[in-house]
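Visitor:
Number of protein chains: 2
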Amino acid sequence: MVSIAGDTLMNPADLEFHFDFGSPNAYLSHRVLPQIEARRNVKFSYLPVLIGGVFKLTNNVSPMVANRDILNKKEYAQIETNRFLLRHGIDNFRMNPHFPVNTLRIMRGAVYAAQQGFGAHYIDVVFAAMWEQGRNLAEEREILAVLDAAGLPAGEILQRCDDPAIKQRLMDNTADSVRRGAFGSPFFFVGGQIFFGKDKLDDVERELQNLQARGT
Amino acid sequence: MVSIAGDTLMNPADLEFHFDFGSPNAYLSHRVLPQIEARRNVKFSYLPVLIGGVFKLTNNVSPMVANRDILNKKEYAQIETNRFLLRHGIDNFRMNPHFPVNTLRIMRGAVYAAQQGFGAHYIDVVFAAMWEQGRNLAEEREILAVLDAAGLPAGEILQRCDDPAIKQRLMDNTADSVRRGAFGSPFFFVGGQIFFGKDKLDDVERELQNLQARGT
């Protein structure tokens, strides 16, 4: 059970956002989550997972692949995205022209950045480069340029992406996410309950309210 | 554009619920939609469509088929269903033991019932038989028994299911639904906007509120 009372701060260990930079819906969730955190006075832990690994472990595929040959479904996904942008006043999202992007390096970088204490800054910078600036973050030189421009230790981060412990940690995160019920990105974990997709953010907030109202 | 002002009654022609009795999510939506109608002072038109026809026309398959071999996804769908039941206080839903049920006859019956002016009663009765009482409504004698017990003209309805005009109307509804963007069940149409699935009922209500606030 999570341990909270009234509106006091919830244990961050109980609130997790499992993300891959390659998922536009993870980015869109990242834009809205801070508002929920502020309203509910909580903080989510961001857990880097490799969506390609999640798909392999669950025998799933991306929506782009799954919906490729289904009439109307891709168009509807676009309608839903536009609706989300409008509702939340997000006006600088644009589809990455290099999509789908291999995110292996930047996800390993997220593991390292978190360990070094600049995880939040790194996540903001990389999400923006991917889904606002259209950068191709499968390329090392693009990663270097983006991180460097943001004042992050670009060379150091990229070098540590080859560290076996970092690689293993990302694999472990991914397997752990699947073991706990994930099959795609983004996934939210709220005190034992799981929620899939940006469209469940309202339910995430409702669950937080319920937990806080119960004081459990 | 829809023609409404303030909280006045919205034109029913602009609010549609496209359903197939065979979809548990259509049933669950049918349980919640009346509350939205009451809060927003509107009424939805129920349009019978054949989900099998929608799938054929869009090259789609049911979630049961699509998720069959994906780890965690079926379990998550069950979590979402339970969450929906709990939130809306629905305690008499049970999965139909004959699922998936061939709904061709009962959907044709819905077309006829609507033409005869007892569509709403018929829909309540058939949805309940399917998703509360576990009846096998692919069977003629089961349909007869259920409709008869509800005081509906069972023999007449079943007979008219073979009427070419009724058959054609259901096919036309189905093609029309796909032409307007559907690829599954349930679909909601609100003044030109489309919404897919029971999980979008909050968005359906938000759209109604926005339209009414704008008075357009």
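Those sequence lines, one after another, are chains A and B.
To convert, note that position 186 of the first sequence is 413 in the numbering used here; the numbers rise steadily by one, no gaps.
To convert, note that position 121 of the second sequence is 348 in the numbering used here; the numbers rise steadily by one, no gaps.
Cβ coordinates follow ideal geometry from the N, Cα and C atoms, glycine included.
Please confirm if A:Gln439 has its CB atom under 9 Å from at least one CB of chain B.
Guide: For the purposes of this step, residue 439 of chain A is taken as the residue at position 212 of the first sequence. No, A:Gln439 lies away from the interface with chain B (no Cβ there is under 9 Å from its Cβ).
Visitor: Sort A:Val276, A:Tyr254, A:Phe246 by Cα distance to A:Asn400 and report the nearest one.
Guide: Counted from its first residue, the first sequence places residue 400 of chain A at position 173. Selected option, being the one with the closest Cα: A:Val276.
Visitor: So that I know if they touch, is there some Cβ in chain B lying closer than 9 Å to that of A:Gln420?
Guide: On the first sequence, residue 420 of chain A is found 193 positions in, with the first residue counted as 1. It does: the Cβ of A:Gln420 has a partner Cβ on chain B nearer than 9 Å.
Visitor: Can you grab the Cα-Cα spacing for the pair B:Ile231 / B:Gln420, in whole Å?
Guide: The residue given as residue 231 of chain B occupies position 4 in the second sequence. The residue given as residue 420 of chain B occupies position 193 in the second sequence. Bear in mind that a pLDDT of 41 at B:Ile231, under 50, signals an unreliable position, so the number given afterwards is only what the model happens to contain. Cα to Cα, the separation comes out at about 15 Å.
Visitor: So what does B:Pro242 bridge to, in DSSP terms?
Guide: Position 15 of the second sequence holds residue 242 of chain B. First, the amino acid is wrong: residue 242 of chain B is Leu here, not Pro. DSSP output for B:Leu242 lists B:Val417 as bridge partner(s).
Visitor: In chain order, what residues of the same chain lie with their CB nearer than 6 Å to the CB of B:Val338, ignoring the 5 residues before and after it?
Guide: Numbered from 1 along the second sequence, position 111 holds the residue referred to as residue 338 of chain B. The residues are Pro275, Ile393, Arg396, Leu397.
Visitor: Could you give the uninterrupted runs of the alpha helix (DSSP H) lying entirely in the stretch 288-342 of chain A, keeping only those of 4 residues or more?
Guide: As far as the stretch 288-342 of chain A is concerned, its whole alpha helix (DSSP H) runs of at least 4 residues are 290-293, 300-315.
Visitor: Give the residues of chain A in contact with B:Val405, contact being defined as C-beta atoms less than 8 Å apart.
Guide: Locating residue 405 of chain B in the second sequence gives position 178, where the first residue counts as 1. By Cβ distance, chain A contributes Leu298, Asn299.
Visitor: In chain order, what residues of the same chain lie with their CB nearer than 7 Å to the CB of A:Met334, ignoring the 5 residues before and after it?
Guide: Counted from its first residue, the first sequence places residue 334 of chain A at position 107. Closer than 7 Å at Cβ, skipping near neighbours: Asp247, Phe248, Pro275, Leu277, Leu397.
Visitor: May I ask you to list, following chain order, the residues of the stretch 271-296 of chain A that have a beta carbon less than 8 Å from some beta carbon of chain B?
Guide: Those residues of the stretch 271-296 of chain A that come within reach of chain B (Cβ to Cβ, closer than 8 Å) are Leu284, Thr285, Asn286, Asn287, Ala293, Asp296.
Visitor: At a CB distance below 9 Å, what residues from the stretch 307-326 of chain A approach chain B? Give them in sequence order.
Guide: Cβ contacts with chain B: Glu307, Arg310, Arg314.
Visitor: If you run the structure through DSSP and keep just helix, strand and coil, what is B:Asn437?
Guide: Here residue 437 of chain B is taken as the residue at index 210 of the second sequence, counted from 1. Helix, per DSSP.
Visitor: List the residues of chain B whose Cβ lies closer than 7 Å to the Cβ of A:Ala253, in chain order.
Guide: As a first step, residue 253 of chain A must be located in the first sequence, where it is residue number 26. Chain B residues near A:Ala253: none, gap ~17 Å exceeds 7 Å.
Visitor: Kindly list, in the order they appear in chain A, the residues whose Cβ is closer than 8 Å to that of B:Ala409.
Guide: In the second sequence, counting from the first residue as 1, residue 409 of chain B sits at position 182. Correct list: Asn299.
Visitor: Excluding the five sequence neighbours on either side, which residues of its own chain have a C-beta within less than 8 Å of the C-beta of B:Tyr254, listed in chain order?
Guide: Numbered from its first residue, the second sequence carries residue 254 of chain B at position 27. Hits under 8 Å: Phe248, Phe320, Phe354, Met357, Trp358.
Visitor: How far does the alpha helix (DSSP H) with B:Leu385 in it reach, from first residue to last?
Guide: In the second sequence, the residue the question calls residue 385 of chain B occupies position 158. First-last of the alpha helix (DSSP H) with B:Leu385: 381-387.
Visitor: If the cut is a Cβ gap below 7 Å, which residues of chain B does A:Asp426 touch?
Guide: Translated into the one-based positions of the first sequence, residue 426 of chain A becomes position 199. Here the neighbours are Asp426.
Visitor: Report the option in A:Thr285, A:Arg266, A:Arg387, A:Ala409 whose CA atom is closest to the CA atom of A:Gln343.
Guide: By 1-based counting over the first sequence, the position of residue 343 of chain A is 116. Among A:Thr285, A:Arg266, A:Arg387, A:Ala409, the Cα nearest to that of A:Gln343 is on A:Arg387.
Visitor: Show which residues of chain D have a CB atom less than 7 Å away from the CB atom of B:Phe423.
Guide: Here the protein chains are A and B, and chain D is not one of them.
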